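I have placed the structure first, in the form of structure tokens, so that the comments after it can refer back to it.
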Amino acid sequence: MTDQAKTQKIQKINGVRGMNDLLPADAAQWAHLEHVLRDLTRAYGYEFLRTPIVEATAVFQRGIGEVTDIVEKEMYSFEDRLNGEQLTLRPEGTAAIVRSVVENNLLYEGPKRLWYTGPMFRHERPQRGRYRQFHQFGIEALGFAGPDIDAEIILMGQRLWDELGLKGVRLEINSLGQAPERAQHRAALVTYFEAHKEQLDEDSQRRLLSNPLRILDSKNPAMQELIEGAPKLLDYLGEESLKHFEAVQALLKANNIPCKINPRLVRGLDYYNLTVFEWITEELGAQGTIAGGGRYDPLIERMGGKSAPACGWAMGMERVLELMKVSGSLPEAQAQCDVFVLHQGGETLTAAMIIAERLRSAGIDVILFCPPDGQSASFKSQMKKADASGAAYAVIIGPDELAKDEAQIKDLRASGQQKAVALDSLVEAVIDAIVGATE
Ligand code: HAM
């Protein structure tokens, strides 16, 4: 123990609240999800785009909108002390993707289908399914105006839930129309809520003038009846908007995708128009929205690009993994390696290390026993580790084996059989055993 440790107990440093480590025990589940997502994006012709985790704050202020929960109170924004730049840890992907598309002129040759994944940051109150650092997978289809692409991205979502074995996910859909339609509806909403001002909570009173549409999103039970009776945006949609919405629904129906129209679905980000949707489950408690998105035709121009339509969605990966757990569809834990190599230190360690390297060169995953104390350990305790690793075979090299230029191969699963093999032909023997077992 150091002198410092003796005089004062050294405090450990914990991670930031709401920001979690991905522990080794869960890594395989994430890898599985990422694998499925990669296959999904390939199946629909989506290309990967990675943007930085930090962007100029203006990207989100302008992109998501000043009067949104995210921009008003959830962003990790700071000034770069070294050059005074105003920066923000990205709270979502869409605004950043559009920033990159505009900056790199990616729509120059025509529309683009893009996907991304990575950590996002929102300063919310942490609870089950809600974190301050969480991970999104998202897709964005840019440069497409028709309802076909709205339907396609929704089909992608449905295919994903099916492939992941998720149960109890429902699709809710709405149309936010176009800006002039929303302006008319907004005026009607303001008149309605002003007439019932005394029933509005503090948050909603504030929103009455800044963003009355978001009042409809309120979860306050005392206001539900009032909200239920409010003018509905769908009643203010013009012919074009209705046609688009109906076409999306018809395509979903033709593909047997059930959906529920929810006139109160407004989403928490300001860039949307026309189709918006969410996938919701009752299985995860309060944080039951596993994914959401919609059309955001105004955004590219708003971010300084040449006007172009676009739509997309993003899902919370933690929530989807949690729902996979609840649905019993998480993959089984995988073995850490194919072969576990045991030895008795000294020359047997040297031989074991050389053999482990040869096996790896042949494409076999190997864990070589390393005694925690740097000494050697009994074969019995090593064998316990070999069993726990999930390896199919153990290769054992003790002094007796080494004296004969041999090693033992032990089947750790089916037969438990053990046989001596010459070191020269060990790699082939292990490959034969593995191939034989899988045939
Ligand atoms: P969003 O609805 O804000 O949309 O987030 C998408 C998903 O991210 C949510 O449905 C949820 O599963 C997950 N999520 C959000 N906040 C948290 C949190 N604090 N902890 C855990 N998971 C969370 C967007 O971000 C849009 N960019 C979606 C989009 C893409 N629209 C068009 N393209």
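When the letters of the sequence shown are read in order and numbered with our numbering, they come out as residues 1 to 439.
For each residue, glycine too, the CB sits at the ideal point set by N, CA and C.
Here the structure is a predicted model, which means the values were calculated and not measured.
Inset, instruction - With a threshold of 7 Å, establish whether the CB of Thr94 neighbours any heavy atom of the ligand HAM. - result: Reading the sequence shown from its first residue, position 94 is the one you call residue 94. Yes, the beta carbon of Thr94 sits closer than 7 Å to at least one heavy atom of the ligand HAM.
Inset, instruction - For Asp80, collect the residues of the same chain with a Cβ closer than 7 Å to its Cβ; drop the 5 residues on either side in sequence, then sort them by chain order. - result: Here the question's residue 80 lines up with position 80 in the sequence shown. Only Leu87 meet the Cβ criterion.
Legend entry - C-beta contact flag for Pro91 and Arg130 at 8 Å: Residue 91 sits at position 91 when you count from the first residue of the sequence shown. Residue 130 sits at position 130 when you count from the first residue of the sequence shown. Cβ distance not < 8 Å, so Pro91 and Arg130 don't count as in contact.
Legend entry - Residue closest to Tyr116, alpha-carbon to alpha-carbon, out of Arg42, Gly238, Ala356: Locating residue 116 in the sequence shown gives position 116, counting from the first residue. That would be Arg42, whose Cα lies nearest to the Cα of Tyr116.
Inset, instruction - Report the three-state DSSP secondary structure of Leu82 (helix, strand or coil). - result: As a position in the sequence shown, residue 82 is number 82, starting the count at 1. Leu82 falls in the coil class under three-state DSSP.
Legend entry - Stretch-stretch touch, CB-based, cutoff 8 Å, three pairs: the segment 242-261 with the segment 209-227: no
Legend entry - Distance between Pro309 and Ala145 (C-alpha atoms, nearest Å): In the sequence shown, counting from the first residue as 1, residue 145 sits at position 145. In the sequence shown, counting from the first residue as 1, residue 309 sits at position 309. Whole-angstrom Cα-Cα distance: 5 Å.
Legend entry - Closer than 7 Å: Met75 CB and nearest the ligand HAM heavy atom: Here residue 75 is taken as the residue at index 75 of the sequence shown, counted from 1. No, since every heavy atom of the ligand HAM falls outside the 7 Å radius drawn around the Cβ of Met75.
Inset, instruction - Have a look at Gly168 and Phe48 and give me their C-alpha separation to the nearest angstrom. - result: For the purposes of this step, residue 168 is taken as the residue at position 168 of the sequence shown. For the purposes of this step, residue 48 is taken as the residue at position 48 of the sequence shown. Each residue's Cα considered, the two are about 29 Å apart.
Inset, instruction - Locate the alpha helix (DSSP H) running through Val67, then write down its first and last residues. - result: The count along the sequence shown starts at 1 and reaches residue 67 at position 67. No alpha helix (DSSP H) holds Val67; DSSP gives it neither H nor E.
Inset, instruction - Please confirm whether any heavy atom of the ligand HAM lies closer than 7 Å to the CB of Tyr296. - result: Stepping through the sequence shown from its first residue, residue 296 is reached at position 296. Yes; taking the cut-off as 7 Å, the Cβ of Tyr296 has a heavy atom of the ligand HAM nearer than that.
Legend entry - Counted within 10 angstroms of its Cβ, other Cβ atoms place Met156 as buried (16 or more) or exposed: Here residue 156 is taken as the residue at index 156 of the sequence shown, counted from 1. That one is buried.
Inset, instruction - In angstroms with no decimal places, state the Cα-to-Cα distance between Glu85 and Phe379. - result: Start at 1 with the first residue of the sequence shown, and residue 85 comes out as number 85. Start at 1 with the first residue of the sequence shown, and residue 379 comes out as number 379. Near 60 Å, if we compare the C-alpha coordinates of Phe379 and Glu85.
Inset, instruction - In the DSSP assignment, find the alpha helix (DSSP H) that holds Thr51 and state where it starts and stops. - result: Taking the first residue of the sequence shown as 1, we reach residue 51 at position 51. Careful: Thr51 lies outside any alpha helix (DSSP H) and carries neither H nor E.
Inset, instruction - Kindly indicate the opening and closing residues of the alpha helix (DSSP H) around His32. - result: Here residue 32 refers to the residue found at position 32 of the sequence shown. For His32, the enclosing alpha helix (DSSP H) stretches over residues 24-43.
Legend entry - Coil, strand or helix - Gln178 by DSSP: The sequence position of residue 178 within the sequence shown is 178, counting from 1. Under the three-state reduction of DSSP, Gln178 is assigned to coil, being neither helix nor strand.
Legend entry - Test item: CB-CB of Gly118 and Ile53 under 8 Å: Stepping through the sequence shown from its first residue, residue 118 is reached at position 118. Stepping through the sequence shown from its first residue, residue 53 is reached at position 53. Yes; because the gap between Cβ atoms is below 8 Å, this pair is in contact.
Legend entry - Residue ranges of each beta strand (DSSP E) within the segment 98-151, 3 or longer: 112-121, 133-142
Legend entry - C-beta contact flag for Leu368 and Ala356 at 8 Å: For the purposes of this step, residue 368 is identified with residue 368 of the sequence shown, where counting begins at 1. For the purposes of this step, residue 356 is identified with residue 356 of the sequence shown, where counting begins at 1. Yes, these two residues count as a Cβ contact at 8 Å.
Inset, instruction - Kindly list the residues whose CB is nearer than 7 Å to the CB of Leu349, restricted to its own chain and excluding five residues on each side of it in sequence; keep chain order. - result: Counting from 1 along the sequence shown, the entry for residue 349 is found at position 349. Answer for Leu349: His343, listed in chain order.
Legend entry - Cβ-Cβ distance between Glu181 and Tyr236 below 8 Å: The count along the sequence shown starts at 1 and reaches residue 181 at position 181. The count along the sequence shown starts at 1 and reaches residue 236 at position 236. Cβ atoms of Glu181 and Tyr236: closer than 8 Å.
Inset, instruction - Please state if the CB of His135 and the CB of Glu282 are separated by a distance shorter than 8 Å. - result: Here residue 282 refers to the residue found at position 282 when the sequence shown is read from its first residue. Here residue 135 refers to the residue found at position 135 when the sequence shown is read from its first residue. No. Outside cutoff.
Inset, instruction - May I ask you to report which of helix, strand or coil DSSP gives Gln158? - result: Start at 1 with the first residue of the sequence shown, and residue 158 comes out as number 158. Three-state DSSP puts Gln158 in a helix.
Inset, instruction - Tell me whether the beta-carbon of Leu426 lies closer than 8 Å to the beta-carbon of Ala351. - result: One-based indexing of the sequence shown puts residue 426 at position 426. One-based indexing of the sequence shown puts residue 351 at position 351. No. Outside cutoff.
Inset, instruction - Return the CA-CA distance between Met315 and Gln382, expressed in angstroms with no decimal places. - result: In the sequence shown, residue 315 corresponds to position 315, counting from 1. In the sequence shown, residue 382 corresponds to position 382, counting from 1. Their Cα atoms are separated by approximately 43 Å.
Legend entry - Length of the line joining the Cα atoms of Ala222 and Leu40: The sequence position of residue 222 within the sequence shown is 222, counting from 1. The sequence position of residue 40 within the sequence shown is 40, counting from 1. Looking at the two C-alpha atoms, the distance is approximately 42 Å.
Legend entry - For Lys419, the first and last residue of its enclosing beta strand (DSSP E): Counting from one through the sequence shown, the residue named residue 419 turns up at place 419. First-last of the beta strand (DSSP E) with Lys419: 418-422.
Inset, instruction - Could you tell me whether any non-hydrogen atom of the ligand HAM is closer than 7 Å to the CB of Ile290? - result: As a position in the sequence shown, residue 290 is number 290, starting the count at 1. Within the cutoff, so yes.
Inset, instruction - Output yes or no for whether 8 Å exceeds the beta carbon distance between Ala437 and Ala407. - result: Here residue 437 refers to the residue found at position 437 of the sequence shown. Here residue 407 refers to the residue found at position 407 of the sequence shown. Result no, Cβ atoms of Ala437 and Ala407 do not sit closer than 8 Å.
Inset, instruction - Run the proximity test for Arg302: is its beta-carbon closer than 7 Å to any non-hydrogen atom belonging to the ligand HAM? - result: Residue mapping note: residue 302 aligns to position 302 of the sequence shown, counting from 1. Checking every heavy atom of the ligand HAM against the Cβ of Arg302, none is found closer than 7 Å.
Inset, instruction - Flag Leu118 as yes when its Cβ comes closer than 7 Å to any non-hydrogen atom of the ligand HAM, and as no otherwise. - result: For the purposes of this step, residue 118 is taken as the residue at position 118 of the sequence shown. Per the sequence presented here, residue 118 reads as Gly, with Leu not at that position. No - the ligand HAM has no heavy atom lying nearer than 7 Å to the Cβ of Gly118.
Inset, instruction - Note down the Cα distance separating Ile215 from Ile261, rounded to an integer number of angstroms. - result: Within the sequence shown, residue 215 is the residue found at index 215, counting from 1. Within the sequence shown, residue 261 is the residue found at index 261, counting from 1. Taking the straight line from one Cα to the other gives about 19 Å.
Legend entry - N- and C-terminal bounds of the alpha helix (DSSP H) containing Ile364: Here residue 364 corresponds to residue number 364 of the sequence shown, with the count starting at 1. Neither: Ile364 is in no alpha helix (DSSP H) and is coded neither H nor E.
Inset, instruction - Check whether the segment 57-65 touches the segment 286-306, taking contact to mean three or more Cβ pairs, one atom from each stretch, closer than 8 Å. - result: yes
Inset, instruction - Return the Cβ separation of Val430 and Val326 in integer angstroms, given the expectation that the two are a contact with Cβ distance under 8 Å. - result: Numbered from its first residue, the sequence shown carries residue 430 at position 430. Numbered from its first residue, the sequence shown carries residue 326 at position 326. That belief does not hold up - the Cβ atoms of Val430 and Val326 are roughly 40 Å apart, past 8 Å.
Inset, instruction - Would you kindly work out how many angstroms separate the C-alpha atoms of Asn273 and Phe137, rounded to a whole number? - result: Within the sequence shown, the letter at position 273 stands for residue 273. Within the sequence shown, the letter at position 137 stands for residue 137. Going from the Cα of Asn273 to the Cα of Phe137 covers about 21 Å.
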